[in-house]
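S.K.: Sequences listed follow chains U and V, in order. Take 1 as the starting number for the first sequence in full-length UniProt numbering and just add one per residue. Take 1 as the starting number for the second sequence in full-length UniProt numbering and just add one per residue. All C-beta atoms, glycine included, are put in the ideal place defined by N, C-alpha and C. There's a structure below that I have some questions on.
2 protein chains.
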Amino acid sequence: MKALVYQGVEHLTYEDVPDAAPDIGEQLIRVEAVGICGSDMHAYLGHDARRPAPLILGHEAAGTIVGGPRDGTRVTINPLVNCGVCPACEAGRENLCPSRQIISMPPREGAFAQYVAMPDANLVEVPDHVSFQQAALAEPLAVSWHAVRLGLEALHQGMARDALVIGGGAIGVAAALALAAAGVDDIVIIEPNDMRRAYLQSLGSFNVVEATDDTFSLVVDAVGYSATRAAASHHVQPGGVIVHVGLGEDAGGLDIRRMTLQEITFIGTYTYTAEDFRKTAQAIFDGRLGPLNWIQERALSEAADAFRDLRKGAVAAPKIILAPWV
Amino acid sequence: MKALVYQGVEHLTYEDVPDAAPDIGEQLIRVEAVGICGSDMHAYLGHDARRPAPLILGHEAAGTIVGGPRDGTRVTINPLVNCGVCPACEAGRENLCPSRQIISMPPREGAFAQYVAMPDANLVEVPDHVSFQQAALAEPLAVSWHAVRLGLEALHQGMARDALVIGGGAIGVAAALALAAAGVDDIVIIEPNDMRRAYLQSLGSFNVVEATDDTFSLVVDAVGYSATRAAASHHVQPGGVIVHVGLGEDAGGLDIRRMTLQEITFIGTYTYTAEDFRKTAQAIFDGRLGPLNWIQERALSEAADAFRDLRKGAVAAPKIILAPWV
């Protein structure tokens with residue numbers, strides 16, 4: 001099969017590799033659409049020790065089951081594989097399983113390829129009216145759905161529910177959509193990149209600004225850098241909640257003094273539970289997350305260019321979806 | 001009346017000052033016992049811009065109402081004064097009231113004095129079997145009661161409830177007592193000061209260690225420095241909760257990468273709600289917070305020495321209680 005292989009810092013090759021080989025309990029999936037995640041970019045830049053070269057990256061995929069009783073079934077992939085029997089798994093917190101794996105991290109190859117192998121339990125069937133591109137968005141949307149759920153659960157009932165989302169990338173846009181689906185009306189996205197901001201504004205679905213002086217009961221840091229955490233701890237209201245997604249910088253930024261004096265809660269979030277993933281997929285299928293039209297499609301064979309353009313900040317759309325078969 | 005006046009960095013005077021003068025709705029309290037808090041020490045060292053000299057510090061007080069229909073009533077004082085009508089107050093989060101005041105911070109003088117004035121609503125009657133020294137502990141105990149309540153409420157139901165308390169000062173000891181009162185069995189206190197640790201161990205009520213390799217579902221940082229926050233984010237289990245009390249250093253220490261990958265929640269906490277204060281006082285009265293025998297009594301007239309001894313780390317007991325009338 002053809003695959004995009006991460007060979008080292010800022011070096012990707014599109015080449016023939018052995019076909020993905022499903023293990024017992026796994027399905028072979030013909031990948032029809034696969035998104036580029038910020039964490040793929042992080043690995044591409046050599047910043048993720050968990051993703052050593054050579055490696056097939058990519059974990060936001062949808063496609064079709066090949067072979068077996070479910071041959072031809074259209075599915076979206078929950079890329080998080082867990083043990084199922086530890087206390088975290090039994091508590092429905094599969095993302096905290098000590099044995100968790102994710103495709104695109106050894107020992108599992110990723111989905112920037114024509115095929116990928118995946119446990120059957122990780123596949124969510126996709127109805128015909130939903131495109132593979134939309135279905136591939138289930139993964140990043142689930143990240144934000146999960147983060148927003150934790151944030152809203154932690155928010156004191158006595159507070160008005162309004163939200164600031166820091167960052168207009170896919171996770172930020174997905175957070176705004178998850179917040180709207182959860183009934184939050186007043187949602188502002190901060191996006192400093194002029195081109196990205198203009199693109200999002202042109203869609204007409206989001207309130208996107210360059211900066212704000214307001215404070216909010218819930219702040220979603222959808223970037224994860226020291227500067228964005230500083231902004232989050234500045235813009236959150238007393239008694240409010242910061243939800244943190246992203247691994248931009250390992251430490252720093254939070255105004256702990258203010259967070260202590262004003263009783264602010266900070267929640268680190270990572271991926272999603274299996275239930276959150278299923279609920280997100282269902283929300284996509286039901287149209288509750290909007291038209292999902294904030295994507296740009298490119299060929300997997302030209303993905304090296306896509307990574308270079310993303311690196312330059314020259315992509316307006318929050319998400320590039322790669323097509324392995326064009 | 002006699003009072004201890006903070007005159008500038010590490011400079012306290014014991015002198016005659018005008019008697020406290022209750023405003024409308026306030027009571028005059030004859031102070032019988034008043035504790036020294038870490039925040040008094042912080043102010044004494046010139047580190048608290050909210051407490052400029054000259055000022056009477058002290059906010060952990062119990063005493064007797066003087067004059068009026070309740071003359072002679074023994075009370076402990078909730079030192080936090082709030083507006084009562086803002087959204088935070090209406091939500092029962094008086095500690096987040098934007099107009100909140102606390103005695104020992106302008107415009108309110110503190111309780112390191114023979115008398116203090118206080119709104120009647122802030123007074124909790126103390127039964128005769130409880131000493132003024134025990135009653136004066138209501139304030140620091142309420143800080144930890146509140147912090148522990150928020151932490152346990154945030155803890156996922158799927159996790160075992162065990163706790164690490166960082167710091168064996170009054171807030172740490174109070175946190176351990178509040179945790180035990182809440183039904184948590186496995187509680188470890190870390191205290192690096194040999195003298196303090198030996199003192200707490202000698203009481204027989206606490207599991208106090210110099211260091212630990214274990215992890216815990218709940219970690220209470222009862223110190224609030226960068227190093228203690230680093231320890232907290234190291235010792236908390238995946239999916240667990242850090243509760244943060246204290247204003248030692250304004251920023252730094254948290255391992256945000258680990259907190260994100262392992263979904264750790266950090267809750268800044270400050271003082272207590274009015275309900276938490278009342279519940280803490282009742283728990284003291286009911287004996288649910290133990291014998292409260294971890295105090296050392298001194299005369300207010302000799303408080304300058306007490307501050308110097310605390311500064312040197314030469315006080316074994318977690319709490320010094322001052323007596324204004326001896």
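What is the DSSP secondary structure of M105/U, counted as helix, strand or coil?
M.R.: Strand.
S.K.: At least one CB of chain U closer than 7 angstroms to the CB of E263/V: is that the case?
M.R.: So yes, E263/V belongs to the interface.
S.K.: Would you list the one or two residues that DSSP bridges to H11/V?
M.R.: For H11/V, which the question treats as bridged, DSSP gives the partners G8/V.
S.K.: Opposite K319/U in the DSSP bridges: which residues?
M.R.: Note: K319/U sits in a beta bridge opposite I295/U.
S.K.: Contact defined as beta carbons within less than 8 angstroms: I believe N207/U pairs with V223/U. What is the distance between those atoms, to the nearest angstrom?
M.R.: At roughly 18 angstroms, the Cβ-Cβ gap does not stay under 8 angstroms, so N207/U and V223/U are not in contact.
S.K.: Going by beta carbon distance, what residues of the same chain come within less than 7 angstroms of G248/V, once the five residues before and after it are set aside?
M.R.: So the qualifying residues of the chain are V223, G224, Y225.
S.K.: At a Cβ cut of 9 angstroms, what residues of the segment 40 to 70 of chain U count as close to chain V, listed as they run along the chain?
M.R.: Taking 9 angstroms as the Cβ-Cβ cut-off against chain V, none of the residues of the segment 40 to 70 of chain U qualify.
S.K.: What residues in the segment 218 to 248 of chain V bring their beta carbon closer than 8 angstroms to a beta carbon of chain U?
M.R.: Those would be G224, R229, P238, G239, H244, V245, G246, L247, in chain order.
S.K.: How many angstroms separate the CA atom of A174/V from the CA atom of A316/V?
M.R.: Approximately 16 angstroms, taken between the alpha carbons.
S.K.: Which whole runs of the alpha helix (DSSP H) in the segment 220 to 252 of chain U are 4 residues long or more, in chain order?
M.R.: Correct list: 226 to 235.
S.K.: Answer with yes or no whether the minimum CB distance from L96/U to chain V is below 7 angstroms.
M.R.: Taking Cβ atoms only, chain V reaches closer than 7 angstroms to L96/U, which makes this a yes.
S.K.: Ignore the nearest five residues each way along the sequence and tell me which others in T212/V's own chain have a CB closer than 8 angstroms to its CB.
M.R.: Counting only Cβ-Cβ distances below 8 angstroms, and skipping sequence neighbours, we find L164, V188, I190, H235.
S.K.: Mind checking the segment 272 to 286 of chain U against chain V and listing, in chain order, the residues whose C-beta falls within less than 8 angstroms of any C-beta there?
M.R.: Correct list: empty, as no residue qualifies.
S.K.: Using a Cβ cut-off of 7 angstroms (strictly closer), state whether R93/V contacts chain U.
M.R.: Interface residue, yes.
S.K.: Using a Cβ-Cβ cut-off of 7 angstroms, state whether Y270/V counts as contacting chain U.
M.R.: Answer yes: the Cβ-Cβ gap between Y270/V and chain U drops below 7 angstroms somewhere.
S.K.: Using a Cβ cut-off of 7 angstroms (strictly closer), state whether I171/V contacts chain U.
M.R.: Taking Cβ atoms only, chain U never reaches closer than 7 angstroms to I171/V, which makes this a no.
S.K.: Could you work out which residues of chain U lie near G252/V, taking near to mean beta carbons separated by less than 9 angstroms?
M.R.: Result: A251, G252, L254, I256.
S.K.: Suppose the cutoff is 6 angstroms on Cβ atoms and the five residues either side in sequence are ignored; what does the same chain contact list for residue 334/U look like?
M.R.: In the structure as shown, chain U starts at 1 and stops at 326, and residue 334/U therefore has no counterpart that could be examined.
S.K.: Which class does R30/V belong to by DSSP, given the choice of helix, strand or coil?
M.R.: Here R30/V sits in strand by DSSP.
S.K.: Could you give the C-beta distance for G268/U and Q262/V, rounded to a whole number, given that I count them as a contact under 8 angstroms?
M.R.: That pair is a contact at about 7 angstroms.
S.K.: How about A182/U and T265/U: do their beta carbons lie closer than 7 angstroms?
M.R.: Cβ atoms of A182/U and T265/U: not closer than 7 angstroms.
S.K.: In angstroms with no decimal places, state the Cα-to-Cα distance between A138/U and E60/U.
M.R.: Taking the straight line joining both Cα atoms gives about 8 angstroms.
S.K.: If you run the structure through DSSP and keep just helix, strand and coil, what is A61/U?
M.R.: The answer is strand: DSSP assigns A61/U an E or B state.
S.K.: Should I166/V be flagged as near chain U, meaning a C-beta pair shorter than 7 angstroms?
M.R.: No, I166/V does not count as interfacial toward chain U.
S.K.: What's the C-alpha gap between S39/U and D250/U?
M.R.: The straight-line gap from Cα to Cα measures roughly 14 angstroms.
S.K.: When you compare the CB of M259/U with every CB in chain V, is at least one pair closer than 7 angstroms?
M.R.: Answer yes: the Cβ-Cβ gap between M259/U and chain V drops below 7 angstroms somewhere.
S.K.: From the DSSP output, in three-state form, read off E263/U for me.
M.R.: Residue state, collapsed to three classes: coil.
S.K.: Which chain V residues sit within Cβ distance under 9 angstroms of P87/U?
M.R.: Here the neighbours are G158, M159, A160.
S.K.: Under 7 angstroms, do V124/V and A314/V count as touching if we go by C-beta distance?
M.R.: Not a contact, by the Cβ cut-off of 7 angstroms.
S.K.: Whose C-beta lies closer than 6 angstroms to the C-beta of V130/U among residues of the same chain, with five residues either side of it excluded?
M.R.: Answer for V130/U: F285, listed in chain order.
S.K.: In chain order, what are the residue ranges of uninterrupted alpha helix (DSSP H) at least 4 long that sit wholly in the segment 126 to 205 of chain U?
M.R.: Correct list: 132 to 136, 138 to 154, 170 to 181, 194 to 203.
S.K.: Using a Cβ-Cβ cut-off of 6 angstroms (strictly less than) and excluding sequence neighbours within five positions of L109/V, which residues of its own chain qualify?
M.R.: Position check: residue 109/V holds Glu in this sequence, whereas Leu was assumed. I56.
S.K.: Would you tell me roughly how many angstroms separate the C-alpha atoms of G253/U and R229/V, rounded to the nearest one?
M.R.: G253/U and R229/V: Cα-Cα distance of roughly 14 angstroms.
S.K.: State the Cα-Cα distance for the pair A21/V and G68/V, rounded to the nearest angstrom.
M.R.: Taking the straight line from one Cα to the other gives about 14 angstroms.
S.K.: Determine contact between the segment 71 to 79 of chain U and the segment 41 to 51 of chain U, defined as no fewer than three beta-carbon pairs at a distance below 8 angstroms.
M.R.: No contact exists between the segment 71 to 79 of chain U and the segment 41 to 51 of chain U.
S.K.: Which residue wins for smallest C-alpha separation from T73/V, given the options R298/V, F132/V, L218/V, M195/V?
M.R.: Of the listed residues, the one whose Cα sits closest to T73/V is F132/V.
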